[in-house]
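A.B. asks: Sequential numbering from 613 applies to the sequence shown in the working numbering. From the three backbone atoms N, C-alpha and C, an ideal C-beta is built for every residue, glycine too. Quick one: the structure is below, and I'll ask about it shortly.
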Amino acid sequence: MRAEPNASLPPELEALVWLPTRAGEALEALAIKSGLTPTAAETPRATESVTRDPEAFRQWVNSAAAWLGVEAEPSDTSYAQLESHLRTAGPALIRLPGEENPRFIALLTANHRGLSLIAPDLTVHRVASDVLQAALCSEIEGPLFAKLDSLLEQAEVPKRRRARARKAILRERLNAVHVGNCWLLRTRPGSGFWRQLRSARLPRRLAALAVAHFLEYLLWIVAWWLVGAAALGGHLDRGWMLAWVLLLLARAPAPGFYLAARRDRHRCGWFTEAAPLGRCAAP
Numbered sequence: 613m614r615a616e617p618n619a620s621l622p623p624e625l626e627a628l629v630w631l632p633t634r635a636g637e638a639l640e641a642l643a644i645k646s647g648l649t650p651t652a653a654e655t656p657r658a659t660e661s662v663t664r665d666p667e668a669f670r671q672w673v674n675s676a677a678a679w680l681g682v683e684a685e686p687s688d689t690s691y692a693q694l695e696s697h698l699r700t701a702g703p704a705l706i707r708l709p710g711e712e713n714p715r716f717i718a719l720l721t722a723n724h725r726g727l728s729l730i731a732p733d734l735t736v737h738r739v740a741s742d743v744l745q746a747a748l749c750s751e752i753e754g755p756l757f758a759k760l761d762s763l764l765e766q767a768e769v770p771k772r773r774r775a776r777a778r779k780a781i782l783r784e785r786l787n788a789v790h791v792g793n794c795w796l797l798r799t800r801p802g803s804g805f806w807r808q809l810r811s812a813r814l815p816r817r818l819a820a821l822a823v824a825h826f827l828e829y830l831l832w833i834v835a836w837w838l839v840g841a842a843a844l845g846g847h848l849d850r851g852w853m854l855a856w857v858l859l860l861l862a863r864a865p866a867p868g869f870y871l872a873a874r875r876d877r878h879r880c881g882w883f884t885e886a887a888p889l890g891r892c893a894a895p
C-alpha cells in the first residue's frame, strides 16, 4: 500500500484520527484502556499554538502524562525497523506526518496480527500494520514513487513483482531515515511494585510459563509411560516407538510459550530502560 505526499489518509484510518485539540483525551483513553491509569482524570487541552510547536507540544505531553500518573517517552525509529517496532509500541500516541495539520493516532496494543487503535468515540478497532506504516511513511516515500515506477518499467520488471521490488528499493534507499514521531506511555518508575507488575502483565506471563512447563512434563511422563507399558505388555513395535518419538517431539514447542512471553518484555520500563521504538529522542 502506498500514499502520495499530502494525500488523504487511508480509508481505514480516517475515522481513527484524533485532532490536536483532543490529544489530551487520546492520552487519557490510552492510559485507562491499557490499565496504566485506573480512573479517569480530565487532562488539560492543548492549544493550537502548542500542537504546532514541537518543543512546546513535547512539554505538554509530559505534563499531561504526569497528570494521568504515567510517563510519556518520546521516541522514533528508522524506516527499516518501523514495521517490526510498531508491533511492540502500544500504548502510544503517534503523530501523523504534516506540520500544518497535526493529527494523531492512539495505538493501544499491537502484535503480528495487526494493531488495536482507539477511535475518538473510544471504540477499539483492528487495523493492519502496513496501513499505519504507509501513513507514517507517506511524506518520505511519495517523492520516490514516480522515479521508481519509471525505473522498474525500464528494467522490464514484471508487473506482479514490481510491488515487492519497489518495497526492497525503498528499504535500501530509506534504511537510516528516521520516521514515526510518537510518545510511549509507560508506568512511572516511582509507581508501586504491584502496579509495575500489572503494567508489565507479569501475572499472565507467569501463568503462561507455568502452563508451558506443566505441558512439557506431562508429555514427558506420558511418553515414557507409553514405551514402558508397551515393553511390559510385550507389544513394543514400530508403531509404539513412533508414538513415543512423536510425544517427545511434541515437548519442543512447549518452551515456546515461555519464549513468546519474554519476547516483548521490553514493553515496560520496569524490565529495561530501552525504548521499543528505538533510541528515545525528542521530537
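#1: Please state whether the Cβ-Cβ distance between Gly754 and Ser741 is less than 8 Å.
#2: What is the C-beta distance between Glu712 and Thr799, in whole angstroms, given that I count them as a contact (C-beta under 8 Å)?
#3: With a CB to CB cut of under 8 Å and the five nearest residues on each side skipped, what residues in its chain are close to Asn674?
#4: Could you tell me the alpha carbon to alpha carbon distance between Arg699 and Ala775, rounded to whole angstroms?
#5: Closest to Gly647 by C-alpha separation, out of Ala676, Glu667, Gly702 and Glu751, would be which residue?
#6: Since Leu628 is in the alpha helix (DSSP H), which residue starts that stretch and which ends it?
#7: Measuring alpha carbon to alpha carbon, tell me which residue in Leu844, Thr663 and Leu830 is nearest Gly906.
#8: Which residue's Cα is closest to the Cα of Thr689: Ala678, Ile706 and Ala677?
#9: Roughly how many angstroms separate the alpha carbons of Arg783 and Ala843, rounded to a whole number?
#10: Arg584 bridges to which residues according to DSSP?
#11: Taking the alpha-carbon of Pro709 as reference, which of Ile781, Arg634 and Gln745 has the nearest alpha-carbon?
C.D. replies: Inspection of the coordinates gives the following:
#1: no
#2: Between Thr799 and Glu712 the Cβ distance is about 35 Å, and since that is not below 8 Å, they are no contact.
#3: Ala684
#4: Whole-angstrom Cα-Cα distance: 23 Å.
#5: Checking every option, the nearest Cα to that of Gly647 belongs to Gly702.
#6: Leu628 -> no alpha helix (DSSP H), and no H or E assigned at all.
#7: Any property of residue 906 remains undetermined from this structure, which presents the chain solely from 613 to 895.
#8: Ile706
#9: Computed Cα separation, rounded: 59 Å.
#10: Given that the chain is displayed from residue 613 to residue 895, the structure contains no residue 584 and the question cannot be resolved.
#11: Checked all of Ile781, Arg634 and Gln745; the closest Cα to Pro709 is Gln745.
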